[in-house]
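Right, one structure below, let's go through it.
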Amino acid sequence: MPKEQLIIFDTTLRDGEQSPGASMTKEEKLRIARQLERMHVNVIEAGFPAASNGDFEAVRLVAEAIKESTVAALCRAFDKDIARALEAIKPAKSGRIHTFIATSPIHMEKKLRMSPDEVIVAARSAVRFARNGIDDIEFSCEDAGRSELDFLCRIIEEVIKEGATTINIPDTVGYNVPEQFAERIRQLRERIPNSDKVIWSVHCHNDLGLAVANSLAAVIAGARQVECTINGLGERAGNAALEEIVMAVRTRQDVFPCDTRVDTTQIVPASKLVSSITGFPVQPNKAIVGANAFAHESGIHQDGVLKHRETYEIMRAEDVGWNANKLVLGKHSGRTAFKARLQELGIEVESEQVLNAAFLRFKELADKKHEIFDEDLHMIMSEDVVAPGDEWYRLVSSMFHSETGETPQSRLTISVRGVETHAEASGSGPVDATFKAIENVALSGSELLLYSVNAITTGTDAQGEVTVRLSKDGRIVNGQGADTDIIVASAKAYINALNKLKSGKEKLNPQL
Ligand code: KIV
Ligand code: ZN
């Protein structure tokens, strides 16, 4: 008998984007959405349209482009939010409204300042309102992990009667432990009389490092949808990691009564794409997608694997997409080949002007580097080339001086809204001098929270990918830059972060 399907609901573009500093442009969201579609994820939660016009447009863009996955939009249980979400997903071939309200005593009393009865009325009315616009409705009880079971039973029975088709049980603050969470799912399914009319879903946060364990325990207890994110990105400590959920279920078919439809060979490319767009590096020992996940160091392990791979390996690296980065282009490749590879990677180029700018950048890079990999192309397209003209600051040229016994110096030419300005500074190292020189021009007064450098590919000619995290007046942004010269990459990353600070509009966080 074929196994039941476990629905994979990816929320990288919504909850993932709520990680401080992980905000993405709409073009970046579209690229991730296309990769999720290629991976055969069932549902892509594209954003929270009432949060900002930018979020609305991003959801709409994803809804227009994605054909094989359902596109979901999050909204609070207000008619205005729901109407905005319905509008955003209108172009979708298959769309879903995901509405939620908090149900725990602490959230109802202190945050919503509503009585439990008022919360039930609001939930019913939200689902009824959504039902006028769409059939596929997911209802979430925010902070369900700390909600009273009797109250959950009452509210869920009511929203199912109103037409909700998926019921999501979030452990919003990551408080549960696996057995307890599974028991909660079991009880809800048993006690609610119309529970068989809906798909049961879970959405676990990782505050105690238990998001994946809690989600999997819930699957054994009957949940048939898991909400998760690539690399476990998400609010605070993040959400359940998609790659771990999918591979645990696939690898342990003896334990799970269901399986996903995910093409697992797309997992590592998705992980790399999300990491390069958000600037959140993946820790080397991260399960499935960490650089060391399939590396055997000790002699005993190496010997065992050489004799018989399964002595120490429960999965095959190639099954999750390792070794998939192809050598694609070199310095003799033309514009047509470049464009074709971008298309294969699902990278939408919005105009000929953008394509020309990107191609120039590619040629510059190919002159410095012999081999250009997919990761390099993603990085080229992540840079400002995606939205030329939008940037406030642009690095025009740079010169650095660093010599033993001398104070490092940086001399830059920066274009500020099209006007070239010279900047100069010294510092404790060339990067420090460069950031000071930029600040001498920008006077942003922002605080540097993080500076990190990663090699995008292997070899000493690899591009250095730099992430800079800045904080200003409570806003946190990540900037990225890549270049074969890491000082230049650092300057680009700092400028990229400043541009985000200049252009960004405050967004509403659904959990506030
Ligand atoms: O963690 C949470 O409760 C959420 C809901 C909005 C589903 O993200
Ligand atoms: Zn969440």
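Residue numbers for the sequence shown follow the numbering used here, beginning at 6 and rising by one.
Glycine is no exception: its CB is placed at the ideal position from the N, C-alpha and C atoms.
If you're wondering where the values come from, they're calculated on a predicted model, not measured in any experiment.
Problem set entry | Cβ pair D148, T177 closer than 8 Å | Judged by beta-carbon spacing, T177 lies within the 8 Å limit of D148, meaning their Cβ atoms are closer than that value.
Exercise. Is P25 near ligand 2, going by C-beta to nearest heavy atom under 7 Å?
Worked result: Placement of the Cβ of P25 at a distance of 7 Å or more from every heavy atom of ligand 2 is found.
Exercise. On the three-state DSSP scale, how would you describe M384?
Worked result: Looking at M384 - three-state DSSP - the assignment turns out to be helix.
Exercise. Just to confirm, are Y398 and V424 a CB contact at a threshold of 8 Å?
Worked result: No; because the gap between Cβ atoms is not below 8 Å, this pair is not in contact.
For this session: For my contact list, V354 and A363 are in at a C-beta cut-off of 8 Å; report their separation, rounded to the angstrom.
Result: About 7 Å; that satisfies the 8 Å criterion.
Exercise. With 16 as the cutoff for other CB atoms within 10 Å, does Q468 come out buried or exposed?
Worked result: By the 10 Å Cβ count, Q468 comes out buried.
Exercise. Can you tell me the Cα-Cα spacing of K505 and T489, whole angstroms?
Worked result: In a straight line, the C-alpha of K505 is about 23 Å away from that of T489.
For this session: Within its chain, find whatever has a CB closer than 7 Å to the CB of K98; leave out the 5 residues flanking it on each side and keep chain order.
Result: For K98, same chain residues with a beta-carbon under 7 Å away, outside a window of 5 residues either side, are K72 in chain order.
For this session: Look up D15 in the DSSP assignment and give the residues it is bridged to.
Result: Secondary-structure assignment with DSSP links D15 through a beta bridge to I49, C233.
Exercise. Whose CA, out of A498, E470, A82, lies closest to the CA of E123?
Worked result: For E123, the nearest C-alpha among the options comes from A82.
Exercise. Would you say G52 and L18 are within 8 Å of each other, going by their C-beta atoms?
Worked result: In this structure, L18 lies closer than 8 Å to G52 by Cβ.
For this session: Put T426 into one of helix, strand or coil per three-state DSSP.
Result: Correct three-state label for T426: strand.
For this session: Following the continuous alpha helix (DSSP H) through F367, name the residue where it begins and the one where it ends.
Result: Element bounds for F367: 357 to 373.
For this session: Please find out if some non-hydrogen atom of ligand 1 comes closer than 7 Å to the beta-carbon of K175.
Result: Just to set this straight, residue 175 is Pro in the shown sequence, not Lys. It does: the Cβ of P175 is within 7 Å (strictly closer) of some heavy atom of ligand 1.
Exercise. K85: which of Q307, A131, R159 sits nearest, CA to CA?
Worked result: Nearest option by C-alpha distance: A131.
Exercise. Which stretch, first to last residue, makes up the beta strand (DSSP E) that contains S152?
Worked result: Looking at the DSSP string, S152 is not in any beta strand (DSSP E), and its letter there is neither H nor E.
Problem set entry | Residue burial classification, M29 (beta-carbon count within 10 angstroms, cutoff 16) | A buried status is given to M29, since no fewer than 16 other beta-carbon atoms sit within 10 Å of its beta-carbon.
Exercise. Looking at C-alpha atoms only, which residue of R366, S402, H375, L400 is the closest neighbour of M386?
Worked result: Of the candidates R366, S402, H375, L400, the one whose C-alpha sits nearest the C-alpha of M386 is R366.
For this session: Would you kindly report the start and end of the unbroken beta strand (DSSP E) that includes L475?
Result: Taken as a continuous stretch (DSSP letters only), the beta strand (DSSP E) holding L475 covers 469 to 477.
For this session: State the Cα-Cα distance for the pair T265 and A218, rounded to the nearest angstrom.
Result: Near 17 Å, if we compare the C-alpha coordinates of A218 and T265.
For this session: Return yes when the C-beta of E22 is under 7 Å from any heavy atom of ligand 1, and no when it is not.
Result: Every heavy atom of ligand 1 is 7 Å or more from the Cβ of E22, so no.
For this session: Go ahead and pull the three-state DSSP assignment for I37.
Result: Residue state, collapsed to three classes: helix.
Exercise. Alpha carbon to alpha carbon, how far is L11 from K115?
Worked result: Each residue's CA atom was taken as its position, placing L11 and K115 some 35 Å apart.
Exercise. To which residues of the same chain is L213 closer than 6 Å at the C-beta, ignoring the five residues directly before and after it?
Worked result: Residues of the same chain with a CB within less than 6 Å of the CB of L213, apart from the 5 flanking positions on each side, are G179 in chain order.
Problem set entry | Beta-carbon proximity of L347 to L382, cut-off 8 Å | Yes. Within cutoff.
For this session: Please find out if some non-hydrogen atom of ligand 1 comes closer than 7 Å to the beta-carbon of L79.
Result: Within the chosen limit of 7 Å, ligand 1 reaches the beta carbon of L79 through at least one heavy atom.
Problem set entry | Neighbourhood of A228 by C-beta distance below 7 Å, restricted to the same chain and skipping five residues each side | In chain order, I190, W205, S206, V207 place their CB closer than 7 Å to the CB of A228, counting only its own chain and leaving out the 5 sequence neighbours on each side.
Exercise. Between the C-alpha atoms of C146 and C209, what's the straight-line distance to the nearest angstrom?
Worked result: About 12 Å.
Problem set entry | Own chain partners of M320 with C-beta closer than 7 Å, once the 5 adjacent residues on each side are dropped | Within the same chain, M320 has close Cβ partners M252, T256.
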